[in-house]
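Chain order of the listed sequences is B and L. For the first sequence, position 13 (counting from the first letter as 1) is numbered -4 according to my numbering, and the numbering increases by one without interruption. To convert, take the position in the second sequence, counting from 1, and add 20; that gives my numbering. Just so it is clear, CB atoms sit at the ideal spot from N, CA and C, and this is done for glycine as well. No experiment lies behind these values; they were computed from the predicted model shown.
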Amino acid sequence: MEFFKDPKINFVGKMKIAFSLSATLVIVSAVLMLIHGGPRLGIDFTGGSVLQVKIDPAPQVQDIRSALEGRGYEGVQVTDFGSADEFLITFPLSGVDTETGDDAQHLLNDLREGLPGATIELRREESVGPKIGGELRTAAGNSIVAALGLIVLYITFRFVFRYGIAAIMALVHDVTLTLGVFSLLNFEISLSIIAAFLTIIGYSLNDTIVVFDRIRENMKLRRKESYRNVINRSINECLSRTLLTSLTTFFVAATLYVMGGPVIHDFAFALTFGVLVGTYSSIFIASPILVWWNERQKVDKKRRALDM
Amino acid sequence: MNRSLQIRAGLTVVILLLSLWGLLPTFKALSISSAEREAAKTDHVLAAKIADIDAKAIRRGLDLKGGMYLVLEVDQEGMNPSEAEDALARTKEIIYNRIDKFGVSEPEVTTFGSSRIVVKLPGLQDPERAKNLLGKTAKLEFRMVRPATEVQAALEKLDQIFLGDAPVETAVEDTVGSTATEADTAEPEGTEVAAADTAANPFGELDDAFADETDLQPTNAEFLKTHPFSGLLVVQSGARPATPLFVPEENVARVQAMLDDERTAARLRGSEFQMDMEPINFGQGQMLRPLYLVESKAILSGDQLTDATSSSNPERPGQWQVNFSLNSRGARQFAKVTGENVGRFLAISLDGRISSAPVIQGKIPSGSGSISGSFTNAEASDLALLLRAGALPTDVYIAEERTVGPSLGADSIHKGVSAALYGSLMVIVFMLLYYRKSGVITVIALISNIIILMAVLAQFDLVLTLPGIAGIILTVGMAVDANVLINERIREELRKEKTIRASVQSGYANATRTIVDANVTTLIAGVILLWFGTGPIKGFAVTLSIGILTSMFTALVMTRVLMEWTTRNQGRQKLSI
Chain B
-16 MEFFKDPKIN FVGKMKIAFS LSATLVIVSA VLMLIHGGPR LGIDFTGGSV LQVKIDPAPQ
44 VQDIRSALEG RGYEGVQVTD FGSADEFLIT FPLSGVDTET GDDAQHLLND LREGLPGATI
104 ELRREESVGP KIGGELRTAA GNSIVAALGL IVLYITFRFV FRYGIAAIMA LVHDVTLTLG
164 VFSLLNFEIS LSIIAAFLTI IGYSLNDTIV VFDRIRENMK LRRKESYRNV INRSINECLS
224 RTLLTSLTTF FVAATLYVMG GPVIHDFAFA LTFGVLVGTY SSIFIASPIL VWWNERQKVD
284 KKRRALDM
Chain L
21 MNRSLQIRAG LTVVILLLSL WGLLPTFKAL SISSAEREAA KTDHVLAAKI ADIDAKAIRR
81 GLDLKGGMYL VLEVDQEGMN PSEAEDALAR TKEIIYNRID KFGVSEPEVT TFGSSRIVVK
141 LPGLQDPERA KNLLGKTAKL EFRMVRPATE VQAALEKLDQ IFLGDAPVET AVEDTVGSTA
201 TEADTAEPEG TEVAAADTAA NPFGELDDAF ADETDLQPTN AEFLKTHPFS GLLVVQSGAR
261 PATPLFVPEE NVARVQAMLD DERTAARLRG SEFQMDMEPI NFGQGQMLRP LYLVESKAIL
321 SGDQLTDATS SSNPERPGQW QVNFSLNSRG ARQFAKVTGE NVGRFLAISL DGRISSAPVI
381 QGKIPSGSGS ISGSFTNAEA SDLALLLRAG ALPTDVYIAE ERTVGPSLGA DSIHKGVSAA
441 LYGSLMVIVF MLLYYRKSGV ITVIALISNI IILMAVLAQF DLVLTLPGIA GIILTVGMAV
501 DANVLINERI REELRKEKTI RASVQSGYAN ATRTIVDANV TTLIAGVILL WFGTGPIKGF
561 AVTLSIGILT SMFTALVMTR VLMEWTTRNQ GRQKLSI
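Here it is as structure tokens:
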């Protein structure tokens, strides 16, 4: 079986359309984030508590809200989680319990009082104090910056600096779009979502590097072809592989999304979306940026020498 | 077969066999039935055998097994570096002691940084109780209650301190159910309250049956303005012999804040106010907590304890108490103090809250006593445990907590494993369809990759978590990439009319560079995650990073051996790829 036998699609020619589409999407994502006041950070970063409870007999979300009403909690969110009898209760730690400081426990006790006759099983609890939340926020930011920095360094070392910048632009594009979708769907950014982002970065880069590698090879082999043609040819030569790998990775990420359970639902969603965007960007963004850059500077010959 | 191929083939087989051998305990652990595990609870020989197998099997993280992950922040305020270090070390030791006595299998207690302790309790059944045990300071102290004649002066001092502070918000006044105007008129003599020394046992709690009469007064906002401290209190003589002062439950937080104010200690010098552990129900929704004026200096503290046990309270059926005995030094001191202070009240204070304040009937030479309160059986035995393990040298706060109940852990494993199986199955079918016979080699590489990856986890005692399973699944998807790169290259070379052997050779040669470059960048992301990773991220980073390395091995070494070997005699026939 073979998807493409020697494809000759003019990807670079569609550069302008792709760039405007991506620019629009990036702007839309940024606007979406602005409207929502930045990406919605989860309790991992803001501090707070999440309780996953299983309640028998299953109440309505409204029942849980009213059971907790008037007991001094602020900003309590109650949502369905996975099945009809499971709920996620999220709230910021505000020192309701002055004696032990254990607000989550306090809330659980209040809930038991407020829903008499119901069996409440605590399935999961995550509480993060404001201090650790701040530290995790810094660490997450640092890790993304460090990853991007090291990657530019590695690509500069293996290729040239310009390739590194092109790759990073594609990555920023991927992560921004994913953040945009998260804002649109009002998903929270938690620690595991940061892990998903870093994986998207790694994955999208993987795709990009494979094409770059082919460009470098073809630059040497086809000295007579134009810069633009070499790059388009390289994208085409890698097309089978790009789509094949994307497809298998998409399969597994989607399986995880469908079957992995609610706990890793958002994480799997980020991965699945990231695979799609990452594939698109390595074909339509990363390599065409090289062409655009080259044509703007009109120093074809010199560049080509550098690219080898 | 050439020599290099033989060596590589040998290496591959050895690694695969080693991996299978390393996974043997994991398979064994999986095959232990729950009935056998149940039996092991009573059979020590079987339990030891199972524990041995479990120890060598892949360790499951708390999110798969159920359990609790806690980060405790040790309060080191006002300590110099060596004191702070010492406080951290001692806190860790005492916490370990408590967990040990609580009976959790394979607990982990480690220090993290200069002020934190990380506690991992796998397979915990009752997280609420465990948390209670870990966070409590458990500082037991015996303090003399100051004579009632001093109460009035102390209240006035506190009122003066807080008079200058920002006026109380009206909202608070509204919530004050009843504020006694009598506080300022409370005659010290009047509070003496009948030396109700009816109890025969010197430590028996005095009668709690309160008089029906309640001299609670309605709210007086004006009074609160001029008496910011005593205005929050209620005077009620007769309910507790040791003190006439009570704090309405809704004012507890505000009163505690004032008592914790550093000016309070400076001003009261030598004595301090402490509230009771629990409020008394006066009926009609009135919950009042006794407030005692006690000496700042404790006459004895919990470190003089030799033992603590719980038993049911002989005087109050259904309630439990904690009995303690003091060491000889403590007992001597206790005898001396009680002998000198007959007729006065002695407060037993736990973490700054009074559990009881009985009157001293006479010298107590035995060095043993009891702490009563409305404890349940479990609460009393936990308190006894805390007293035996010792008090923490300083306060600790829960800075981070992640708890997963055992049922959710089982669900997560089930879902994670089935997602992994179906995901892999899809990839396998797809590879076979797309690459035919060469696809078989790819599939062998994929399966070997998972086996080697799992073996590395088991061998290096790494922990498998739910994000870790996600990492493995992702590795499956990405491991295919290396094989796809190779196979596509070989196809290209074949198109150039090269022989099969030459195509295979140059296909691998060309693909290797690409594979290394592409994987190194993903590895960079993985290593950053490892470095940054706490809890959930670390598990993912571990399997992802190892998966990248093992997939490079299976793609570049293992499939090449298989490819070269299966095509060794093929000339220009067609390669199924």
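By the beta-carbon neighbour count (other beta carbons within 10 angstroms, threshold 16), B:Asp157 is buried. Non-local beta-carbon contacts of B:Ser175 in its own chain, meaning distances under 6 Å to residues more than five positions away in sequence, involve Phe250 in chain order. Using beta-carbon distances, B:Asp190 counts as an interface residue toward chain L, with a partner under 9 Å. Taking 9 Å as the CB threshold, L:Val500 lines the interface with chain B. Straight-line spacing of the CA atoms in L:Asp501 and B:Arg224 works out to 8 Å.
By the criterion of at least three beta-carbon pairs nearer than 8 Å, the segment 235 to 246 of chain B is not in contact with the segment 261 to 272 of chain B. Within chain L, the residues Ile548 have their CB atoms less than 7 Å from the CB of B:Ala129, given in chain order. Under a 10 Å Cβ-count criterion, L:Thr130 is classified as exposed, with fewer than 16 other Cβ atoms of the shown protein chains found around its own Cβ.
Under the Cβ criterion of 9 Å, L:Ala561 is counted among the residues facing chain B.
The beta carbon of B:Thr182 sits closer than 9 Å to some beta carbon of chain L.
By the neighbour-count criterion, in which a residue is buried when 16 or more other Cβ atoms sit within 10 angstroms of its Cβ, B:Val128 is exposed. Contact of L:Val540 with chain B is assigned, a C-beta pair being separated by under 9 Å. Judged by DSSP secondary structure, L:Arg422 falls within the beta strand (DSSP E) whose first and last residues are 416 to 424.
Put simply, the CB of B:Met16 is far from chain L, with every gap to its CB atoms at 9 Å or more.
Nearest Cα to B:Ser166 within the set B:Ile115, B:Asp63, B:Pro22, B:Phe142: B:Pro22. Contact between L:Leu141 and L:Gly87 is confirmed by a C-beta separation of about 5 Å, below the 8 Å threshold.
About 12 Å separates the beta carbon of L:Ala109 from that of L:Gln96, a gap too long to meet the 8 Å contact definition. For chain L, the residues of the segment 103 to 115 of chain B that bring a beta carbon within less than 7 Å of one of its beta carbons are Glu104, Leu105, Arg106, Arg107, Glu108, Glu109, Ser110, Val111, Gly112, Lys114, Ile115, in chain order. Against chain L, the beta carbon of B:Tyr137 has neighbours under 9 Å at Asp537, Val540, Thr541, Ile544, listed in chain order. Burial check for L:Ala55: the Cβ neighbour count within 10 Å stays below 16, so the residue is exposed. Within the segment 436 to 461 of chain L, the residues whose Cβ lies closer than 7 Å to some Cβ of chain B are Gly436, Ser438, Ala439, Tyr442, Gly443, Met446, Val447, Phe450, Leu453, Tyr454, listed in chain order. Interface criterion not met: the Cβ of L:Pro268 is under 9 Å from no Cβ in chain B.
Taking CB atoms only, B:Lys37 has a neighbour in chain L less than 9 Å away. In this structure, the beta-carbon distance from L:Ile391 to L:Phe344 falls below 9 Å.
The segment 137 to 157 of chain B and the segment 259 to 269 of chain B touch, with no fewer than 3 CB-CB distances between them shorter than 8 Å. Under DSSP, B:Gln60 shares a beta bridge with B:Thr73. With fewer than 16 other beta carbons inside 10 angstroms of its own, B:Met(-16) counts as exposed. The C-beta distance from L:Ala545 to B:Gly185 rounds to 3 Å, short enough to meet the 8 Å contact threshold. In chain order, Gln35, Lys37, Glu104, Leu105, Arg106, Arg107, Glu108 make up the part of chain B whose C-beta sits under 9 Å from the C-beta of L:Gly425.
Not one beta carbon of chain L lies nearer than 9 Å to the beta carbon of B:Thr73. DSSP places B:Gly185 in no beta strand (DSSP E) but in the uninterrupted alpha helix (DSSP H) bounded by 174 to 204. Classified as buried, L:Asp296 has 16 or more neighbouring CB atoms from the shown chains inside 10 Å of its CB. At a cut-off of 9 Å between beta carbons, B:Ser175 contacts chain L. Taking a beta-carbon distance threshold of 9 Å, B:Met152 does not count as an interface residue toward chain L. For B:Lys37, the beta-bridge partners assigned by DSSP are B:Glu69, B:Glu104.
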